[in-house]
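Each residue of the sequence shown is one higher than the one before, counting from 0 in numbering that gives the first Met the number 0. Note that beta-carbon positions come from the ideal geometry of N, C-alpha and C, so glycine has one too. Given the structure is predicted, the values throughout are model-derived calculations rather than measurements. Since the structure comes first, as C-alpha cells, the remarks are kept for the end.
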Amino acid sequence: MRIPMVQRGRPLAGAGLLLLASLLAGCPSQEKPPPANVPVLKRPSKAGTIAITGDDKRVLVVNPENDSLSVIDTASDAEVAEVPVGDEPSAVVIAPDDKVAYVALKAEARVVRVVGIDGSSPAVSGSVAVGSEPVGLALSPRGDRLVVAEWAEGRVALVDTKTLSVVASKAVPNPRGLAVSNNGDQSDADEKVVVTEFYGRPGPGPEASDTSRTGAVRVLKLGDLSEVATVLFEPTATGDAGFPAQTTSPNQLYSVAVAGNKFFATAIGASPDGAPVFNGNVFPLVLVGDLGGNKLGSISLAAAIKQQVSAPRLFMADLVDVALVGSDILYLVARGADAVQRAVLTSDTTVSLGTPTVKQLDLLANANNTGCQAPIGMVTPHDTSQTTKAYVNCWVSRTATVVALDSQTPSKKIATGAAPAGLEAQVNKGRRFFFTGRARWANEAWSSCGSCHSDGLSDNVTWRFAAGPRQSTDMSGTFSHGPGPQKQRILNWTGIFDELHDFERNTRGVSGGKGAITTDNCGNFAPEDQGGEKQASLNPADATDKNGIKVQLGIPVREIQDALGAALCTVQLTGGKDWDDIEEFVKTIRPPKGKQFLDAGSVARGRALFEQTGQGSCASCHGGPGWTLSRLFYTPSSTNNANLANTPFSAPGSPHTKQIEQEPKAGGGFVAPAQVSCVLRNVGSFGVPGNAAETDALEKKAGNPPTDRAQGEFAGYNIPSLYGLALGAPYLHHGQAKTLAELFTDPKWSVHLRAGNAVFTPSAGQIQDLANFLLSIDAATPEAAVPGGADQCLISFP
0 MRIPMVQRGR PLAGAGLLLL ASLLAGCPSQ EKPPPANVPV LKRPSKAGTI
50 AITGDDKRVL VVNPENDSLS VIDTASDAEV AEVPVGDEPS AVVIAPDDKV
100 AYVALKAEAR VVRVVGIDGS SPAVSGSVAV GSEPVGLALS PRGDRLVVAE
150 WAEGRVALVD TKTLSVVASK AVPNPRGLAV SNNGDQSDAD EKVVVTEFYG
200 RPGPGPEASD TSRTGAVRVL KLGDLSEVAT VLFEPTATGD AGFPAQTTSP
250 NQLYSVAVAG NKFFATAIGA SPDGAPVFNG NVFPLVLVGD LGGNKLGSIS
300 LAAAIKQQVS APRLFMADLV DVALVGSDIL YLVARGADAV QRAVLTSDTT
350 VSLGTPTVKQ LDLLANANNT GCQAPIGMVT PHDTSQTTKA YVNCWVSRTA
400 TVVALDSQTP SKKIATGAAP AGLEAQVNKG RRFFFTGRAR WANEAWSSCG
450 SCHSDGLSDN VTWRFAAGPR QSTDMSGTFS HGPGPQKQRI LNWTGIFDEL
500 HDFERNTRGV SGGKGAITTD NCGNFAPEDQ GGEKQASLNP ADATDKNGIK
550 VQLGIPVREI QDALGAALCT VQLTGGKDWD DIEEFVKTIR PPKGKQFLDA
600 GSVARGRALF EQTGQGSCAS CHGGPGWTLS RLFYTPSSTN NANLANTPFS
650 APGSPHTKQI EQEPKAGGGF VAPAQVSCVL RNVGSFGVPG NAAETDALEK
700 KAGNPPTDRA QGEFAGYNIP SLYGLALGAP YLHHGQAKTL AELFTDPKWS
750 VHLRAGNAVF TPSAGQIQDL ANFLLSIDAA TPEAAVPGGA DQCLISFP
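Encoded structure:
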C-alpha cells in the first residue's frame with residue numbers, strides 16, 4: 000500500500016489527517032498495543048517436569064515412562080486425570096488462564112497443547128514440531144509466546160501459542176534450563192529469556208583438569224531471542240580444605256529459576272584430575288547472576304553441607320531442579336540423593352541450610368514412607384499464606400510427593416500412572432540403581448552413575464582414570480537399537496570390560512559405595528539401608544585384591560554374583576540381582592534423535608561419503624549394528640576368558656597376538672589391564688601427535704607419574720558408537736577435538752580421517768556433508784553395511 004507523501008513543515012488538515020490515520024491503521028507494520036487486563040502469570044515461568052496452576056488448585060506431572068500427564072487436585076491430593084500426550088513427555092508449563100498447558104515430547108521432537116486441565120476431561124488439542132530433544136518450556140507472562148529448549152538441536156525456539164507455529168529461533172549449544180522473567184505488567188515486550196548451556200564450555204584449563212569447563216548462562220530478549228548477554232561461570236573453589244579436589248568446573252546446568260532481577264542455575268561441578276574418589280569428583284553448585292548479564296557468584300553446596308549438616312547427611316548428588324519461595328529461599332532437588340535441600344540466601348555466594356529442626360528433606364526414608372525415588376522436579380505454591388504444600392515429581396517411583404513446607408516434612412505420596420510390571424519392572428529397578436547415590440551405590444549420596452552419564456548419555460567430561468584420560472561414554476551406544484537382536488559392544492575406551500557388571504569396581508572404588516555384590520547381615524530394602532552387609536571378593540584367590548582389579552577380563556563379576564545364589568543380599572531383599580537389572584535398563588537407553596532441520600541433500604551426500612570405499616569408507620570401523628564393529632562375541636566366563644587369553648589373534652596394524660591380553664608395547668612389555676584385542680583400532684589419536692611434552696601431560700594415569708603413559712598408544716581404542724553426536728562434543732577418548740569440523744580438518748587427526756581410505760581428501764563442502772550425516776544418526780537411521788574383511792572379531796567363541 001502506498002501512503003501519500005507529507006510535505007515537510009506543512010501540517011495536514013481535516014480529511015488529509017483522517018486519511019493518513021485510516022491508512023496507518025491498516026498498515027501491517029504497525030503493531031497494536033496489547034489489550035489490557037488479560038490474565039498474566041503470577042511469577043516468572045520456568046522449565047520443569049511438574050507445574051502448578053496460578054490459583055494453586057491443580058498440579059500437573061509429566062510421566063516419561065507412561066507417556067502421560069497426570070493432573071492432581073491439591074484439595075484432595077489425588078490424581079483426578081491422566082492424559083496420554085505422546086512419546087516421553089519431558090516438561091510442562093501452564094498458561095495464565097489455568098485451563099491450558101503445554102507439554103514437550105522429548106522422543107517426538109514435538110510440543111502438544113492440553114486443554115481443559117481445570118475440568119474432568121483434559122485432552123490434547125494441537126501440536127507443533129520443534130527441534131531434537133525438547134527438554135524445557137517456559138511461557139511469556141501473558142502466555143502469547145512459548146519458549147522451547149531443544150537440547151540436541153542446539154536451538155531455542157519461540158512459538159506463537161495462538162497459531163502453534165515457530166516464529167523465531169536462536170542457536171544455543173545444548174540448551175537445557177529455561178526461564179522467562181516477569182515484571183508483573185501487561186506487556187511481554189520488556190521480558191528476558193534465561194537459558195543454560197547444559198555442558199560447560201571447554202577451558203580455561205586443559206581437558207582432564209579441574210579447570211577444564213566454564214559454565215554459560217545466556218540472557219536473551221523475549222521478543223526476538225536476540226542476545227542480551229552471556230554470563231560465564233569460571234571454575235570455582237569447592238569450598239572446604241578437606242575435599243580432595245579444591246577446584247571444580249561448572250557442568251550439567253540442568254535448571255534455572257528467576258526471582259526479580261536475579262537467576263539461580265543448578266550445576267554439577269566436575270573435578271576430573273587426580274585419583275577418582277567419591278568426595279573429589281563431582282560437586283553440587285548453584286550459579287547466581289542477574290538479567291543484566293552480570294555474574295554474582297557461585298555457591299558450593301557441598302561445602303555448605305559439610306559445614307552445616309551433621310552426619311548422617313546427603314551430599315545432594317545430581318542437582319536437577321530449583322524451586323523458589325520468594326526471592327531468597329531455594330529448594331534444590333537432587334535426583335541422586337532422593338532429597339531436597341532448603342537453602343536460604345544470606346548473600347549472593349552464601350547460604351544457610353535447612354531449618355533449626357530439619358536440615359535436609361529426605362524424600363526416600365521418612366516417617367510418612369513417601370519412598371520418592373529419583374526426584375526430577377519440584378513446584379512451590381504461589382501463595383504461601385493460603386497453602387504451604389509443595390509437590391515433587393518422583394520419576395522412578397512414579398509418584399508425586401507432597402511436602403509440607405511449614406514443617407519441612409514429606410507428608411504423602413500420590414500415584415501418577417500405572418506401576419510397571421514384568422520386564423518393565425526389572426528395567427525400572429535398573430533405572431533406579433543407575434540414577435541413585437543412596438545406600439550401597441555411593442558414600443553419603445555424593446554421586447550416581449547418572450552423575451557422569453547425563454540422562455544415561457554422557458557429561459562430555461574427560462576424566463582421569465587408572466587406564467588414562469577418558470571421555471564419559473554415551474551409554475545409549477552400549478547396545479544397538481536398529482532392527483534385529485540387540486548387540487552389545489565391548490566396554491570402556493580400551494576394551495577392558497566385557498559386561499556392565501564390571502562397573503561394580505567403580506561403585507566400590509570411585510563412588511565409595513559397598514556395591515551390589517554383598518552378603519551377610521543384609522539390610523532393610525525399604526529405606527535402602529546397607530546394614531552390616533559385607534562386600535564379596537571379586538578375586539577370591541587373592542585377599543589383597545577384593546575389587547578384582549588384577550583379574551579384569553579374567554573372572555567375570557556376573558559369575559561371582561551368580562555363584563553367591565541365595566546368599567546375595569539383593570536376592571534376599573528384592574529377589575533380584577541389581578546388575579542384571581541395570582543391564583536391562585541400559586538396553587532401553589534411547590539414543591538422542593538426530594538433528595531435525597539438516598539439509599536432506601547434504602545428509603544424503605554425507606552418507607555416501609561415509610559408506611563408499613573410494614571415499615571415507617567410515618563403515619570399515621563404524622558399520623554394522625550400533626554403528627560400531629565393537630561387539631561381544633562370546634559369553635563372559637572364567638573358562639571362556641582364559642581360553643581367549645590363549646587363543647591367537649592377528650590383524651593388520653595390531654600389536655596383539657592373543658584375543659585377550661594386555662596392550663603390548665613397541666619395545667617390549669605390556670600396559671595393563673587386559674584388553675579384548677579385536678575391537679581396538681589405532682587411528683593416531685593417542686595424546687597430541689607431534690608434541691611429546693603435551694602427550695606426556697595428557698596421557699597419564701590417575702595417580703601415576705607422567706612417565707607411566709596411559710593405555711592406547713600402541714593398540715588404539717575401542718570403536719565407539721555414533722549415536723548422539725549432537726550431544727557428544729568434544730570428541731575422541733581425550734576430548735581433544737572440540738567439534739566435528741576440527742576432527743576432520745585439524746592435521747593432528749589426519750590418521751583418523753584417512754583410517755578407511757589413505758588418500759581421502761574431502762573438500763570443505765564434503766566435510767560439512769559428512770558432519771551433517773553424522774548429526775542425523777539416531778535409532779531410526781538405517782545402519783551402514785560392514786565392508787568385507789573389516790570385522791576382526793571371531794564370529795563367536797567357542
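Using 8 Å as the Cβ pair cut-off and three pairs as the minimum, do the segment 236 to 256 and the segment 313 to 325 touch? yes
Can Asp-598 and Phe-432 be called in contact, C-beta distance under 7 Å? no
At the level of alpha carbons, what is the spacing between Ala-236 and Thr-348? 12 Å
At 3 residues or longer, and completely inside the segment 340 to 393: list those beta strand (DSSP E) runs for me, N to C. 349 to 352, 374 to 378 and 388 to 393
Could you pull the start and end residues of the beta strand (DSSP E) that Asn-62 belongs to? 57 to 62
Three or more beta-carbon pairs under 8 Å between the segment 555 to 575 and the segment 754 to 763, yes or no? no
DSSP on Phe-584, reduced to helix/strand/coil? Residue state, collapsed to three classes: helix.
Looking at the strands, I want to know which residues DSSP matches up with Phe-743. In the DSSP output, where bridge partners are listed per residue, Phe-743 has none listed.
I want to know whether the segment 473 to 483 touches the segment 334 to 351 - three or more CB-CB distances under 8 Å. no
Which same chain residues end up closer than 7 Å to Gln-356 when comparing Cβ atoms and leaving out the 5 residues on each side of it in sequence? Checking the sequence shown, residue 356 turns out to be Thr, not Gln. So the list is empty, once near-sequence residues are dropped.
Output the residue ranges of the beta strand (DSSP E) runs that lie fully inside the segment 633 to 721 and measure 3 residues or longer, sorted by chain position. 659 to 663 and 669 to 675
Candidates Lys-513, Arg-606 and Ser-619: closest to Leu-567 by CA position: Taking Leu-567 as reference, the option from Lys-513, Arg-606 and Ser-619 with the minimal CA-CA separation is Lys-513.
Proximity below 7 Å, CB of Thr-435 to CB of Thr-415: no
When you compare only the Cα positions, how much space is there between His-621 and Val-785? 8 Å
Closest residue to Ala-607 among Pro-95, Pro-781 and Phe-632 (Cα-Cα distance): Pro-781
Any idea if Val-192 is buried or exposed, counting beta-carbon neighbours within 10 angstroms, 16 or more meaning buried? buried
Can we say the segment 328 to 341 touches the segment 357 to 368, given the rule of at least three CB pairs closer than 8 Å? yes
What are the residues that DSSP puts in a beta bridge with Pro-133? Glu-149
Give the straight-line distance between the Cα atoms of Pro-121 and Val-111, rounded to the nearest whole angstrom. 12 Å
Using three-state DSSP, classify Ala-618 as helix, strand or coil. In the three-state reduction of the DSSP assignment, Ala-618 falls in the helix class.
Between the segment 499 to 517 and the segment 730 to 747, are three or more C-beta pairs nearer than 8 Å? no
One question on the structure: do Ser-471 and Cys-448 come within less than 7 Å of each other, judged by their Cβ atoms? no
Nearest CA to the CA of Asp-55: which residue from Asp-117, Gly-85, Ile-298 and Tyr-101? Asp-117
Beta-carbon proximity check, Gly-600 vs Ser-775, cutoff 7 Å: no
Compute the distance between the beta-carbons of Val-92 and Ala-50, then report whether it is under 7 Å. yes
Would you check if the distance between the CB atom of Pro-133 and the CB atom of Val-123 is smaller than 7 Å? no
Reducing DSSP to helix, strand and coil, say where Lys-161 ends up. Here DSSP, grouped into helix, strand and coil, assigns Lys-161 to coil.
Tell me the DSSP secondary structure of Lys-545 in three-state form. coil
If you run the structure through DSSP and keep just helix, strand and coil, what is Gln-534? strand
Given a threshold of 16 other Cβ atoms within 10 Å of its Cβ, counted over all protein chains shown, does Gln-710 qualify as buried or as exposed? buried
With DSSP run on the structure shown, which of helix, strand or coil describes Glu-81? In this structure, DSSP gives Glu-81 an extended state, which the three-state scheme calls strand.
Which value, in whole angstroms, describes the spacing of the CA atoms of Val-842 and Phe-496? In the structure as shown, the chain starts at 0 and stops at 797, and residue 842 therefore has no counterpart that could be examined.
Could you say which of Asn-642, Tyr-716, Thr-634 and Glu-583 lies nearest to Pro-654 if we only look at CA atoms? Tyr-716
Going along the chain, which residues of its own chain have a beta-carbon closer than 7 Å to the beta-carbon of Ser-139, five neighbours each way excluded? Val-179, Asp-187, Glu-190 and Leu-221
Gly-204 versus Phe-232 - alpha carbon distance: For Gly-204 and Phe-232, the gap between their C-alpha atoms comes out near 13 Å.
Could you tell me how far apart the beta carbons of Phe-609 and Ala-603 are, in whole angstroms, since I believe they sit closer than 8 Å? Actually they do not touch by this definition, with Cβ atoms about 11 Å apart.
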